[in-house]
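Inspection log for the structure reproduced underneath, given as C-alpha cells.
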C-alpha cells in the first residue's frame with residue numbers, strides 16, 4: 034500500500050493512503066479528543082470535538098473522517114482549535130447536568146476528561162436546558178437523556194444488529210433526542226437489553242442498572258471474558274470490587290457480534306458472587322424469572338434432571 | 005376526507021393505505037412519499053399506520069418515527085378539520101400578531117399546534133403568509149383573512165364548522 | 230392539428246415510440262419531411278397565435294396566475310374568460326394564465342399583447358372596460374404612473390422597473406402559459422435540446438457551459454461547467470441529475486416564479502445536463518410549500534413525455550432521460566446538497582460529511598449533478614446563444630444575469646433580473662424606486678439567513694459572488710430585503726437567528742447548541758437584559774460555529790450577527806449599555822412620552838389607552854405614566870398632532 038506524507042504539529046509523518054487525520058495523529062501518539070467516533074461504527078463527524086486546523090482550509094475539519102493528503106499540514110492544538118474545543122465543551126455543558134459527584138460515570142466520562150484537559154470549570158452559557166424524566170422502568174438499563182450529548186453511537190451500534198434498530202434520532206434541532214418509536218421508554222420498546230448501547234456511551238446517559246450504586250469506577254477492576262453460550266464468542270467484562278465479581282458488562286461489540294442479554298445473564302450466573310435474579314418482560318411487565326427460564330434452558334434442565342436425576 | 009355514504013370509514017382508509025403500500029413497496033426512497041400519502045388519507049400519522057409502513061418497506065419503526073418527527077409537514081396527532089395559521093411575519097408582528105394569537109388561543113382553549121377536543125380547529129403559526137399589506141393576517145384552510153383585530157379574528161372563525 | 234405539437238397530417242409519424250429527430254425543428258420551420266403548404270400554414274398560424282405580431286387583429290390578455298392569485302387574480306381570470314366567451318370574442322382574444330410578471334407590488338397585473346399594454350392593480354370590476362378597450366384607447370385608470378415623471382405610461386417597455394432589467398431567464402415568465410408546452414416550443418423552447426442531441430458531444434456541451442462562466446445560482450457560486458465535467462468524468466453505470474427547488478429563504482421566491490412561470494426551461498436544462506454528464510435519471514426536489522410549482526411541473530413532465538421530449542430514445546437520439554418529482558416535507562436544511570440527497574433516499578434530512586464530491590459519490594452513492602432551478606434555466610440560453618455570448622454579460626468572474634427578490638422597505642417590491650455587476654444602488658433605487666415613505670436607507674440584507682446586512686457605504690458595490698462575500702454578505706439564493714431607519718439591526722439579527730435555530734437539524738454540536746445560545750443572548754439584548762460581555766460572547770460563538778459546523782446552514786448561520794456587529798455595533802452598544810433601541814423597535818426598551826408643546830389636550834390618546842396610563846386635564850398637555858404603559862402604540866396612532874413620541 035502506498036504511503037502519504039504529511040506534517041502534524043510540525044512533525045513529518047508517513048501513513049498509509051486512506052488513513053484519516055485521526056489515525057495519522059494516533060500513530061504519532063498525538064491525542065485528538067472524540068465523542069462520536071468509534072472505529073467499529075460508521076462515521077458521522079457530528080460532535081465536532083475532533084476538529085483540527087488544516088493549512089489552506091477556511092474552516093476547521095473533523096480529524097475522524099478527513100482523509101490525509103500528500104503534503105497536508107495539520108495543527109491539532111492551534112489557538113483556533115483550542116478555542117473551538119473549549120467552546121464546544123462549554124456548549125455541551127450548558128445543556129448537561131453538572132452532578133459529577135454522584136454520577137455513576139464519574140471517572141469514566143469523556144466529557145469530564147475533556148473538560149479537565151481544556152480547563153473548563155463551568156459553562157459560560159446560561160439558558161434553556163433539557164428536562165427529561167430519567168428512565169429506569171426496565172431492570173437492566175438506566176437512561177438519562179439529560180446527559181445525552183447526541184453522539185449517536187448507541188443508535189449506530191443498535192442498528193448494526195439485524196432487525197434491531199430499536200432507537201433512532203427523533204425530533205429536530207435543539208429538541209433532537211435519541212428515542213424508541215413514539216418516544217416511549219426503553220421498557221416499553223422492543224429493546225432486548227443487550228447493553229451494546231451502554232458499552233459505547235461516552236457519558237453518563239446510559240448505565241447498567243444492576244451496577245448502579247455498587248461502586249465507583251476506580252474501585253472496580255474489569256476483566257475481559259469470552260462468552261461461550263454460542264459460537265459468536267462475544268466479549269464481556271467481569272466487574273470486580275474488593276475481589277468479588279459484582280456484575281458483568283458488555284464489551285466492545287465486534288462486527289456480527291450480537292452481545293445478547295442471554296449471554297450476559299449467563300456470564301453473570303457463572304461469574305458473579307451474588308448474581309441478581311434475572312427478569313424478563315411478560316406482556317407489558319417485567320417479572321423475576323428462574324435462571325433456567327432466563328437462559329432459555331428450562332426444557333433442557335428438565336430433560337437433564339430426568340435423565341441424570343434417577 | 006370523512007366518508008359520508010355510510011360504509012366503514014376505517015376500512016376505506018385502510019384500503020387506500022394498502023394501495024399506497026403496494027405502490028411503494030419496491031420503490032427506493034419511498035418512506036417520505038408514503039408517509040405523505042398516508043397523512044393525506046388519515047389527516048395525521050397514527051402509530052399503527054407508521055408501523056404498517058415500516059413493515060411494508062422493511063424500515064425499522066424507530067427510523068420511521070425519526071423521519072416523521074424531523075419534517076414539519078408530518079403530524080402525529082389528529083388535526084382539526086380547520087387549520088388556522090396565524091402569520092408571524094415582520095409586518096404582522098409589528099401590527100399586533102401576538103395579540104391576535106392570544107385572543108384566538110384563549111377563545112379556543114388551545115396553545116400553539118394545539119387541536120380543540122371536538123377536532124374543529126388546529127391552531128398553528130406560519131413564518132410569513134406574504135400578505136404583508138393586509139397585516140395582521142391569518143389563514144384558515146386556504147382562505148386568507150387580513151386587517152384583523154383580536155375580536156374580528158375570533159368572529160371570523162365562526163364560519164368554519 | 231389542434232395545437233403546434235400535434236401532427237400536421239398523416240405523414241407525420243412522430244410519437245414517443247416512433248420518435249423523429251426533426252420533431253422540434255418541424256414545429257418551428259416545418260414541415261421538414263414533406264412539402265405541403267397547408268401544413269406549413271397551420272404551423273405558422275399556431276405560432277402566431279402564441280406570439281402574435283402587432284396589427285394582426287389578435288390580442289392576448291396575460292393575467293398572472295402566480296403570486297397575484299393572493300390579491301385575487303383568479304377571479305379576474307374567471308371573469309375575463311366568461312366575458313370573452315359571452316361576447317364571442319374567442320376568435321380574436323385569448324385570455325392566458327401566465328407566470329409572475331415580477332412587479333408584485335402593483336399586482337394583480339394584466340398585460341395585453343402584442344401591444345405591451347400594462348395594467349396594474351386590476352380588479353374584477355375592470356374586466357369589461359379592459360375588453361371594451363381592445364382596438365381602442367387603453368383604460369387610462371389602470372395604467373402605471375411613472376413616479377419619476379408623474380405621467381401615465383401605456384407599455385411595460387416604458388416602465389422603469391422593467392426597462393432597467395435584463396431578462397434572460399425570466400423572458401417567458403408573464404408571457405407564456407406555463408401549462409402549455411406548445412407555447413414554450415413556439416417561443417423557441419427545446420431547440421437547445423435538439424442542438425446538443427444532434428450537433429454536440431457531451432464534452433462539447435460541458436465545454437460550452439464552462440466557456441459561459443455560469444456559476445451555481447443556489448448561492449455558493451460553484452462553476453457549473455466544472456461540476457458537470459466532474460460528473461462526466463465519473464465512471465459509473467448510473468448517474469443522477471438533481472434540481473434543487475427547495476427554496477426556503479424567507480422573502481425569496483425566484484425559483485418558485487421560474488417553476489411556476491416557465492417550468493419547461495428547467496426541464497430542458499436538466500435533460501441537457503443529463504446528456505452532458507451521461508445520466509438517464511433526474512429528480513426535482515421541490516419544497517412542499519410550493520403546491521402550484523409541483524402542479525405545473527407535473528403537467529410539464531407529462532407533456533414532455535407525451536411528445537417524446539422526455540423518456541426513452543428522446544427524438545430518436547438513443548438518449549434516455551426520466552424525471553421524477555420529490556416533494557419536500559418541511560425542512561429548510563434540505564436545501565443543503567447532502568441533506569437533500571439523504572432526504573430523497575428517505576431519511577431524516579441531516580447533512581452528511583462529504584468524503585469527496587457529489588459528482589463522484591452523491592445520491593445512493595452514485596455520481597450526482599446537483600444544481601439549482603435558476604442554474605438549469607440558464608442552460609438553454611447558453612446553448613442557444615453560445616457560451617461566449619453569455620460570458621459577455623456580467624463581471625469578470627460572475628457571468629450572466631441574476632434574479633433577485635426585492636422586498637422590505639422599498640417602493641417596487643418584486644422579482645428583478647439584472648446583469649451580474651449591477652450595483653445595489655441600481656437595484657434598490659433605479660429598479661426598486663427607492664425607499665418607501667421617503668425614509669432614509671439604512672441597510673440591505675442580502676442572501677437570506679446565510680447572508681449579511683450591508684450599510685449605505687456599500688450601495689455602490691457591483692454585485693457578484695465575490696464582491697458580496699468580501700463585505701460579509703453572500704449571493705445566497707438572491708433575496709434582497711431593504712431596511713430603513715426604523716429597522717432595528719439587533720432585532721433583524723435576532724429574527725434570522727430565530728429562523729436558523731428553528732431549522733437546525735440538530736446533528737452537529739456547534740449548530741444545535743450554539744445557535745440556541747446565540748438566539749438567547751440576542752433576545753436578552755433586545756429585551757434590555759444585555760450585559761457588556763455579550764458582544765464578545767457573540768463574536769466567539771459566531772467564529773466557532775462558522776469554523777466547526779458540519780454543513781452550510783451552520784457555517785453561515787452566524788452571518789447576520791457577524792455583519793450587523795461589523796457595521797452596526799453602535800446599535801448593539803445602545804441596547805446593552807444605554808438600554809435604548811435607536812430605531813424604536815424593541816418594545817421593552819421604548820419609553821412613550823407626550824411632547825407638551827405639541828399636545829393640545831384633546832384626550833383622544835387617553836380614551837384609547839387600554840392601560841389607562843394617560844392622564845391630563847381637558848385642553849391641557851397630557852402625561853403618560855411609564856410604569857403603567859404597556860407600549861401598545863395606540864396613542865401614537867390616534868394622536869393627530871404627532872405629540873406622542875417613543876424613544
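Protein chains in written order, with the numbering used here: chain A, 34 to 343; chain B, 5 to 165; chain C, 230 to 876.
By construction, the Cβ of each residue, glycine as well, lies at the ideal position given by its N, Cα and C atoms.
Asked: Per-residue contacts from residue 70/B into chain A (C-beta, under 7 Å); Found: 201, 202, 203
Asked: Whole-number beta carbon distance between residue 791/C and residue 701/C, since they are thought to touch under 8 Å; Found: 6 Å
Asked: Members of the segment 17 to 41 of chain B that neighbour chain C once the beta carbon cut-off is set at 8 Å; Found: 32, 33, 34, 35, 36, 37, 39, 40
Asked: Residue 69/B in three-state terms, based on DSSP; Found: helix
Asked: Residue 518/C vs residue 706/C beta-carbon contact at 9 Å; Found: no
Asked: C-beta contact flag for residue 478/C and residue 787/C at 9 Å; Found: no
Asked: Residue 554/C versus 307/C, 447/C, 525/C, 729/C, residue with shortest Cα-Cα distance; Found: 525/C
Asked: Against chain B: residues of the segment 205 to 226 of chain A by CB proximity under 7 Å; Found: 205, 213, 214, 215
Asked: Opposing strand residues paired with residue 308/C [DSSP bridges]; Found: Residue 308/C is not bridged to any residue.
Asked: Residue range of the unbroken alpha helix (DSSP H) whose run includes residue 732/C; Found: 718 to 732
Asked: Chain A contact for residue 163/B (CB, 9 Å cutoff); Found: no
Asked: Beta-carbon contacts of residue 300/C that lie in its chain and below 6 Å, excluding the five residues immediately before and after; Found: 336, 337
Asked: C-alpha distance - residue 521/C paired with residue 141/B, whole-angstrom precision; Found: 21 Å
Asked: 8 Å CB neighbourhood of residue 438/C in its chain, flanking five on each side removed; Found: 453, 454, 457, 505, 608, 611, 616
Asked: Cutoff 9 Å: residue 74/B Cβ touching any chain A Cβ; Found: yes
Asked: Positions along the segment 237 to 271 of chain A whose CB lies within less than 9 Å of some CB in chain B; Found: none
Asked: Any 3 or more C-beta pairs closer than 8 Å across the segment 41 to 51 of chain A and the segment 67 to 83 of chain A; Found: no
Asked: Whole beta strand (DSSP E) elements within the segment 655 to 712 of chain C, 3-residue minimum; Found: 670 to 675, 681 to 684
Asked: Inter-residue CB distance, residue 229/A and residue 282/A (contact presumed, cutoff 8 Å); Found: That pair is no contact at about 11 Å.
Asked: Continuous beta strand (DSSP E) stretch holding residue 648/C: start and end; Found: 643 to 648
Asked: Coarse secondary structure for residue 330/C, derived from DSSP in three states; Found: coil
Asked: Range of the contiguous alpha helix (DSSP H) that encloses residue 36/B; Found: 35 to 46
Asked: Buried versus exposed, by CB contacts within 10 Å (16 or more), residue 486/C; Found: buried
Asked: Proximal residues to residue 199/A (C-beta, below 7 Å), its chain only, five neighbours per side dropped; Found: 191, 213, 222, 223, 224
Asked: Beta-carbon spacing of residue 764/C, residue 794/C below 9 Å; Found: yes
Asked: Contact residues within the segment 567 to 588 of chain C, judged by C-beta distance below 9 Å to chain B; Found: 572, 573, 574, 575, 576, 577, 578, 579
Asked: Distance between residue 263/C and residue 7/B (C-alpha atoms, nearest Å); Found: Note that residue 7/B scores a pLDDT of 45, beneath 50, so its modelled location is shaky; the value from the coordinates is reported in the next line. Approximately 57 Å between the Cα atoms of the pair.
Asked: Nearest residue (CA-CA) to residue 645/C, options 278/C, 309/C, 363/C, 334/C; Found: 334/C
Asked: Cutoff 9 Å: residue 156/B Cβ touching any chain C Cβ; Found: no
Asked: Coil, strand or helix - residue 511/C by DSSP; Found: strand
Asked: Within-9 Å CB hit, residue 53/B to chain C; Found: no
Asked: CB contact below 9 Å: residue 555/C versus chain B; Found: yes
Asked: DSSP three-state assignment for residue 269/A, whether helix, strand or coil; Found: strand
Asked: Spatial distance of residue 356/C from residue 394/C (CA atoms); Found: 29 Å
Asked: Short CB-CB distance (under 9 Å) between residue 189/A and chain B; Found: no
Asked: Distance CB(residue 757/C)-CB(residue 818/C) smaller than 9 Å; Found: yes
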